[in-house]
Every structure is written in C-alpha cells, then in structure tokens.
Amino acid sequence: MHSTTLEVFAEIDGIGSASGLFLHADLLHIIGDNSGHLNEYNIKTKALRKIQILFDKAPDQLENIPKSLKPDFEILCQHGNKLYILGSGSTSKRNLMIEFNLETKKVVQKDLTETYTRLKSIAKIDEHNFNLEGAIFTGKEWLLFNRGNGIDAKNGRFKIEGADLTKADRIKFNSFKLPNINHVESSFTDAALVKNEIFFIATAEDTKSTYTDGEILGSFIGSINLQTLKLTFSNKISDNHKFEGITLLSQSKHNTSFLLCEDRDNEELKTVIYKLVISH
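Heads up, the sequence shown is in my numbering, so the first residue is 1312 and it goes up one at a time.
Printed below as a string of structure tokens:
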C-alpha cells in the first residue's frame, strides 16, 4: 500500500504555464510551454535566473508566446551534464529540441520533425492524437510518453534505442490504460525514472483535443515497472490540479519525495511548486 501527502513547496513569480522541471543540487530548472526561457530557481536563496533558449524572437516576446506560435515545451529531462527540452509535437510548430549544457551553458537546437513523423507512423497515431509530455533519457535509450488526451485516447510509451534522437530508427510503442474519473481516462503528463520504476503523473481532463483545454477532473501519481511495464500502483493526488512536471527530491527506506509543477492554463507569470511524499 502507498499513501501520499501533497503540500506547497514554493511560490515563484516570473514563470507562467510551468510544464516541466528538474532538480540539480539546489537549482530547480523549470520550463513553461509558452516561454523561450529556461528558468533556474535556487531553492535555498529563492533567486530566479532566466536563460534564453529561443533566439528567433525579441527578448520582450519570449514570455506568453501566443498559443498558435508557442514551442509547447512540455518535456524537461536530464542525462549527465545536459538538460533536454522537447516540444510536444502536437502541431508542426512544436517539434523543436533544446540541449542545454549545465557546465558550459551552451544551447543547441535540433529539429525532431522526422523523428516525430516516424513515431506517429509506427504507433499509428495521427496528428490529432500525438502529444508528447514526458521523457526519460538513460544515455542509451529514450522513453517518450504520449498523452492520450485526443479522441483516440492513445496513452503510450515509445522506446527508442540509441542516444541520438534525431536518428531514431529502432522504435517500439506500448499502449497503457490509466485510471479514469467519471469515465474520462487520465493521460500521461510527465515521468521520472527512479531505480527500476517509472514514476508518472497523469491528469483526467474533459477534452477530446490535444490543443484545446478542458475541465480538470483530477490528477494521479503512479509507477510502472521498467522491465515488465506493469502498473505497480496509482493514487489520486488532487481533484483540481493539472500537474505537468515531476522531478525526484529525495528517497529513503520509507518515503519517496517529488517536486511537481502545475500548468494553470492562464497568462499569469506565477507558478506554484508542490512537494509530493509517497510513503511505502
């Protein structure tokens, strides 16, 4: 049995539509789906630094990018000394990947259009149901999680062998059924690998579109065994929050703690970071 507790960890001004996060030492890196910045928040000093990762817009146009033009950065994951920021692929303007080197601060942009096209073909997912919102990179393979909030409810995990995501050719896709609320199935919004378990967050949103937002019915935390792909557990953690990012905070014999971020689907430049504790 697992029990969960959820509490506010931090409130941060200057960040809107938070959709992914990663904790490295005392620095919490946060992305927003409508921003051209990577945010670096010091959890000890509470200082916020913005790092420009898009260079095709003027500095004053990098926050609250209009929905039709936004890069839709829904994914932030890490391996070694690099952060990887990926667009969702839900429209043709959302196929960009950013590599950010934590040591040199170098920013590299890559186009994932061909890779996303292959993923859709292999999984038989059309453009109205393709919406990546989580990723894990082990250095040898990528795990990408499709959010099944389109009409076909295509929740699933892509496994891509090899480190270069722009040259993906060995691809497998596994579908998943996740818990539902009032007959609305929840869908993946992010994932993190902890030892041999994939911890995921999922939200039930009353919509049949990967583009249009709907009523939030609740969110879950759960885990999937990395080898067997069997669901280990799932717990409802909120009735009204749309959590879109998860990162490990700490782990002990009895507890695993994560930080979560929430996308409130508005233009307010303020975000709340939550602490979720799972008791084993």
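Even glycine gets a Cβ: it sits at the ideal position worked out from N, Cα and C.
- Under the 10 Å beta carbon count, S1432 is surrounded by fewer than 16 other beta carbons and is classified as exposed.
- The shortest CA-to-CA distance from F1544 to any of K1488, L1332 and H1552 is the one to K1488.
- Going by DSSP, S1563 is part of no alpha helix (DSSP H) at all; its letter is neither H nor E.
- Looking at the DSSP output, D1324 shares a beta bridge with K1581.
- Our two residues, D1422 and G1347, have alpha carbons roughly 16 Å apart in a direct line.
- Look at E1425 here: in three-state DSSP terms it is helix.
- Counting other Cβ atoms within 10 Å of its Cβ, V1495 reaches 16 or more and is therefore classed as buried.
- Counting only runs that start and end inside the segment 1367–1415, the beta strand (DSSP E) elements of at least 3 residues fall at 1384–1390, 1393–1398 and 1407–1412.
- Leaving aside the five residues that flank S1561 on each side, the residues in its chain whose CB is nearer than 7 Å to its CB run, in chain order, S1568.
- Between the segment 1350–1359 and the segment 1319–1338, the count of Cβ pairs shorter than 8 Å is three or higher; the stretches touch.
- Excluding five sequence positions before and after K1416, the CB atoms of its chain that fall closer than 8 Å to its own CB belong to I1362, given in chain order.
- Comparing C-alpha distances from E1374 to each of K1519, S1401, F1333 and E1578 shows the shortest one belongs to E1578.
- Remark: three or more beta-carbon pairs, one from each stretch, lie closer than 8 Å, so the segment 1432–1452 and the segment 1374–1390 are flagged as touching.
- DSSP places S1497 outside both helix and strand once states are collapsed to three, so it counts as coil.
- Cβ-Cβ separation between I1512 and S1530: approximately 6 Å, consistent with a contact (criterion under 8 Å).
- Judged by their CB atoms, F1469 and F1484 are nearer to each other than the 7 Å cut-off.
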